[in-house]
Amino acid sequence: MKASRWRIIAVAAALLVWVGVGTAEVEHPSGTQDFESMSVGEDVGNIGWVVVNETAEPTDFTIEAADDVLGSQTTRNGSTRWLRIRDIDGGNVQNRFYSPTILGDDVKGYIWTYYVNLETTPPGGANVKPKLTIQHVDTMTGFANAWGIEFTDAGANLIVLGIGGSAASTPLYSLTSPTAVGNWVKIELQVNLQSNVVSARVNDGMPVSLTINPISTINRDVFRLCYRGEGTGNVQTMLLDDVSLAVIPGAVPAVSEWGLIVLGLLVLSAGTVMLLRGRWVVQA
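Sequence positions in the sequence shown follow the working numbering and run 57 to 340.
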């Protein structure tokens, strides 16, 4: 076996130690929020997430637990509860919410995984687009957007913005089956803070990537997931489920090595890999 593959398996071995079964919340070094403990209609603020709602009519922006897709009660690979993000205020007001803050330690990279289901077609044209971004602390100004996923009337894009470096965008998926409106879509967003690359993949497919160049005052150890719904014309209703974080210690693998990491995990786990609600989770 080539040395590079041994390095990949070494990384996988580290992940077996660092990436445990999802806990009740996203946290360092790993964890999952599956929303299963929430009651239908319950606000996400009740579980420690932070909501900023500056709409004139507060009910025009809600983030509540749901058990249906487009009005039809259903499940998703065993999941019975998720968030419905309903933003019907098209004015330029601040509509957003955040996960709890991740307080890391010498973070070299991480992977956020989550499932989305667009119940309406996102805005197109010159309208501001809804986004799920990763925010890091800028030690000069506070939390700011760095990179993430933007949703448009054509599909979703991987983007770099704000303190992440030069603004950039590349297509991630289109709004056609099996990633159309009403379909559950698994998104994995991987950040390599050593080689300055952000990559994303959909439904365990091949990743796309962009170069990042974080500003010098970024704090790599303090970050969070954020939904951004502000901006003129930014209206959208979407579902969000099973938000997971895995912080990767040491060297982060290249984009092309995703598949080999999965293989290494399966080999090294020797039976400790469990299929939990449709996703592979490695037991520590």
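All residues carry an ideal CB built from backbone N, CA and C; glycine is no exception.
Handout entry: Which of helix, strand or coil DSSP assigns to Thr115
Key = helix
Problem - Touching by the beta-carbon criterion (3+ pairs, under 8 Å), the region 270-277 and the region 171-186 - result: no
Exercise for the section: Let me know if Thr267 comes out buried or exposed under the rule of 16 or more other beta-carbons within 10 Å of its beta-carbon. Expected result: exposed
Practice task
Measure the Cβ-Cβ separation of Glu92 and Ile167 and say whether it is below 8 Å.
Solution key: no
Problem - Burial state of Thr130, where buried means 16 or more other Cβ atoms lie within 10 Å - result: exposed
Handout entry: Selected residue, minimal CA-CA separation from Leu301, among Leu159, Val106, Asn133 and Ser265
Key = Leu159
Problem - Contacting residues, own chain, Cβ-Cβ under 8 Å from Asp194 (five flanking each side not counted) - result: Ala200, Ile219, Ile271, Thr273, Ile274 and Asn275
Exercise for the section: Answer yes or no: do Gly261 and Asn183 have a C-beta to C-beta separation smaller than 8 Å? Expected result: no
Exercise for the section: Measure the alpha-carbon distance for Gly134 versus Met196 and round it to whole angstroms. Expected result: 44 Å
Problem - Rounded separation between Pro305 and Phe279 - CA only - result: 16 Å
Practice task
Look up Val264 in the DSSP assignment and say whether it is helix, strand or coil.
Solution key: strand
Exercise for the section: In angstroms with no decimal places, state the Cα-to-Cα distance between Phe117 and Glu81. Expected result: 23 Å
Practice task
Can you check the region 233-310 for any beta strand (DSSP E) of at least 3 residues that lies completely inside it and give the ranges in chain order?
Solution key: 241-248, 253-258, 264-267, 274-284 and 292-303
Practice task
Have a look at Thr189, Leu228, Thr235 and Gly180 and flag the residue whose alpha-carbon is nearest the alpha-carbon of Asp209.
Solution key: Gly180
Problem - Top-ranked residue by Cα proximity to Val237, from Gly147, Leu249 and Val125 - result: Val125
Handout entry: Boundaries (first-last residue) of the beta strand (DSSP E) holding Arg142
Key = Trp138 to Asp143
Exercise for the section: Look at the alpha carbon of Val241 and the alpha carbon of Ala223, and state the distance between them as a whole number of angstroms. Expected result: 25 Å
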